[in-house]
Amino acid sequence: MSVQYNPTWRYGGNQLKRWRTRASVTREELGAASNYSPDTIKAMEQGVRMPTARVLDAADELCHAEGLLSAAKDYVRAEKFPARAQDFMQYEREAVSLWWYELGLIPGLLQTEPYARALIGNHCPPLDEETVERRVAARLERQELLTRTPPVAISFVVYEAALRVPQADEGQLLRLLDIGRRNNISVQVLPFARVISAALLGPMVLLETRDRERLAFTEGPSASVLTSEPEVVSSHIERLSMIRMEALGTEESALFIKRMAEEA
């Protein structure tokens with residue numbers, strides 16, 4: 000699996016390494032001064048991890064950088080989203096309409112805080128607590144799209160499997176019902192009994208921007224694809240249309256979810 004690099008982290012890490020090497024300070028010495036392991040210092044220097052304020056201040060003192068390394072704290076910041084999803088998040092904020100199909104998860108825009116925390120906190124490889132908190136907050140912040148003025152037209156189709164996992168508790172199911180009552184939002188369920196092969200190919204998001212540009216986003220465990228290629232977008236639109244035809248209507252879907260919530 001390829002490593003995702005944050006350009007700002009990489010530059011900050013490169014400067015950290017240059018100053019450390021110039022001052023003949025070892026990674027072990029910097030690690031001891033900042034309470035990090037040498038391997039963590041190496042990851043920061045490579046741009047895999049964010050150079051923290053603690054390590055930048057320690058390096059500034061050890062390397063006699065006279066504040067030049069410490070100054071990087073104002074520019075090296077933790078990203079809210081994984082690198083592979085950042086472009087999509089930018090387009091999502093600018094969307095005027097959005098169509099979302101999920102196979103095994105509740106769409107991020109519909110997740111409750113406990114559900115989001117359960118998913119993000121169970122990440123593989125494990126995330127540190129600070130990253131988990133930052134990503135949970137960012138996911139909930141995205142949900143402002145649901146109540147934006149002027150309203151964004153949003154359609155969700157969720158496969159029944161996503162509603163059957165333990166994390167989809169009563170609170171999460173009631174959240175789906177509540178959101179589905181909004182005039183600009185539709186929530187549909189695709190039951191097991193009505194599934195078609197096109198629905199098993201994976202989740203997808205289609206969106207349209209203010210400039211009337213249409214994009215398709217697909218996401219897997221280790222890679223994501225965001226494209227505006229007309230042929231690709233068109234194929235996703237066709238697949239989603241087939242799925243929506245088989246899904247329950249909004250009223251039937253609400254009754255379906257309500258029964259599940261009562262059983263939870």
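Numbering (numbering that gives the first Met the number 0), first residue to last: 0 to 263. Cβ atoms here follow ideal geometry from the backbone N, Cα and C, with glycine treated the same way.
Does DSSP put residue 167 in a helix, a strand or coil? For the purposes of this step, residue 167 is taken as the residue at position 168 of the sequence shown. Coil at residue 167, not helix or strand.
Following the continuous alpha helix (DSSP H) through residue 245, name the residue where it begins and the one where it ends. If you number the sequence shown from 1, residue 245 lands on position 246. Following the DSSP letters along the chain, one finds residue 245 inside the alpha helix (DSSP H) bounded by residues 229-245.
Restricting to Cα atoms, I'd like to know which of 178, 236, 193 and 210 is closest to residue 144. Your numbering for residue 144 matches position 145 in the sequence shown. Looking at the Cα atoms, 178 is the closest of the given residues.
Cα separation between residue 211 and residue 183? Counting from one through the sequence shown, the residue named residue 211 turns up at place 212. Counting from one through the sequence shown, the residue named residue 183 turns up at place 184. Answer to the nearest angstrom: the Cα atoms are 18 Å apart.
Tell me whether the beta-carbon of residue 101 lies closer than 8 Å to the beta-carbon of residue 202. Counting from 1 along the sequence shown, the entry for residue 101 is found at position 102. Counting from 1 along the sequence shown, the entry for residue 202 is found at position 203. Contact: yes.
In terms of residue numbering, what span does the alpha helix (DSSP H) encompassing residue 65 cover? Position 66 of the sequence shown, counted from the start, is the residue given in the question as residue 65. Here residue 65 belongs to no alpha helix (DSSP H), and DSSP marks it neither H nor E.
If you draw a straight line from the C-alpha of residue 235 to the C-alpha of residue 186, how long is it? Residue numbering aside, residue 235 sits at position 236 when the sequence shown is read from its first letter. Residue numbering aside, residue 186 sits at position 187 when the sequence shown is read from its first letter. A straight line joining the alpha-carbon of residue 235 with that of residue 186 spans about 19 Å.
Identify, in the order they occur along the chain, each residue of the same chain with its Cβ nearer than 6 Å to the Cβ of residue 155, setting aside the five sequence neighbours on each side. For this step, residue 155 is matched to residue 156 along the sequence shown. So the list reads 99, 106 and 186, once near-sequence residues are dropped.
Check whether the segment 235-250 and the segment 110-126 touch, using three or more Cβ-Cβ pairs below 8 Å as the test. The count of Cβ pairs closer than 8 Å, one atom from the segment 235-250 and one from the segment 110-126, stays below three, leaving the stretches out of contact.
Are the CB atoms of residue 96 and residue 152 within a distance shorter than 8 Å? If you number the sequence shown from 1, residue 152 lands on position 153. If you number the sequence shown from 1, residue 96 lands on position 97. Closer than 8 Å, so yes.
Along the alpha helix (DSSP H) that carries residue 250, what are the first and last residues, could you check? The residue labelled residue 250 in the question sits at position 251 within the sequence shown. 249-262 is the span of the alpha helix (DSSP H), which, as asked, contains residue 250.
What's the gap between the Cα of residue 2 and the Cα of residue 220? Residue mapping note: residue 2 aligns to position 3 of the sequence shown, counting from 1. Residue mapping note: residue 220 aligns to position 221 of the sequence shown, counting from 1. Because residue 2 carries a pLDDT of 42, less than 50, the predicted location of this residue cannot be relied on, and no value is offered for it.
Which residues in the same chain have their Cβ closer than 7 Å to the Cβ of residue 9, if we skip the five residues on either side of it in sequence? As a working note, residue 9 is residue 10 in the sequence shown. For residue 9, same chain residues with a beta-carbon under 7 Å away, outside a window of 5 residues either side, are 46 in chain order.
Bounding residues of the beta strand (DSSP E) (the contiguous stretch that carries residue 226): Translated into positions along the sequence shown, residue 226 becomes position 227. 223-226 is the extent of the beta strand (DSSP E) around residue 226.
Give the straight-line distance between the Cα atoms of residue 149 and residue 69, rounded to the nearest whole angstrom. Indexing the sequence shown from 1 puts residue 149 at position 150. Indexing the sequence shown from 1 puts residue 69 at position 70. So the alpha carbons of these two residues sit roughly 43 Å apart.
My assumption, with CB atoms under 8 Å, is that residue 188 sits in contact with residue 240. Please give the rounded CB distance. By one-based count along the sequence shown, residue 188 stands at place 189. By one-based count along the sequence shown, residue 240 stands at place 241. At roughly 17 Å, the Cβ-Cβ gap does not stay under 8 Å, so residue 188 and residue 240 are not in contact.
For residue 116, the first and last residue of its enclosing alpha helix (DSSP H): As a working mapping, residue 116 is identified with position 117 in the sequence shown. Element bounds for residue 116: 112-120.
Closest residue to residue 21 among 49, 39, 64 and 75 (Cα-Cα distance): Along the sequence shown, one-based indexing puts residue 21 at 22. It is 64 whose Cα lies nearest to the Cα of residue 21.
Rounded to a whole number of angstroms, what is the C-alpha to C-alpha distance between residue 24 and residue 38? Taking the first residue of the sequence shown as position 1, residue 24 is located at position 25. Taking the first residue of the sequence shown as position 1, residue 38 is located at position 39. Spanning the two alpha carbons is a distance of roughly 15 Å.
Alpha carbon to alpha carbon, how far is residue 166 from residue 53? Give it in angstroms, no decimals. Here residue 53 refers to the residue found at position 54 when the sequence shown is read from its first residue. Here residue 166 refers to the residue found at position 167 when the sequence shown is read from its first residue. Approximately 36 Å between the Cα atoms of the pair.
Go to residue 43, then tell me how far its beta strand (DSSP E) extends in each direction, as first and last residue. Position 44 of the sequence shown holds residue 43. Counted as a single uninterrupted DSSP element, the stretch harbouring residue 43 is not any beta strand (DSSP E) but the alpha helix (DSSP H) occupying residues 37-45.
Is residue 35 buried or exposed, if buried means 16 or more other CB atoms sit within 10 Å of its CB? As a first step, residue 35 must be located in the sequence shown, where it is residue number 36. Taking a 10 Å sphere around the C-beta of residue 35, we find 16 or more other C-beta atoms and assign the residue as buried.
In this structure, how does DSSP classify residue 54 when only helix, strand and coil are distinguished? In the sequence shown, the residue the question calls residue 54 occupies position 55. In the structure shown, residue 54 falls within a helical segment according to DSSP collapsed to helix, strand and coil.
CB-CB under 7 Å to residue 208, same chain, minus the five flanking residues each way: which ones, in chain order? Within the sequence shown, the letter at position 209 stands for residue 208. Excluding sequence neighbours, residue 208 sits near 90, 93, 94 and 95.
Given residue 243, which residues of its chain have a CB within under 8 Å of its CB, disregarding the five upstream and five downstream residues? Sequence index remark: in the sequence shown, residue 243 carries index 244 (1-based). So the qualifying residues of the chain are 154, 156 and 187.
Can you tell me whether residue 88 is helix, strand or coil according to DSSP? Working through the sequence shown from its first residue, we reach residue 88 at position 89. DSSP places residue 88 in helix when its eight states are reduced to three.
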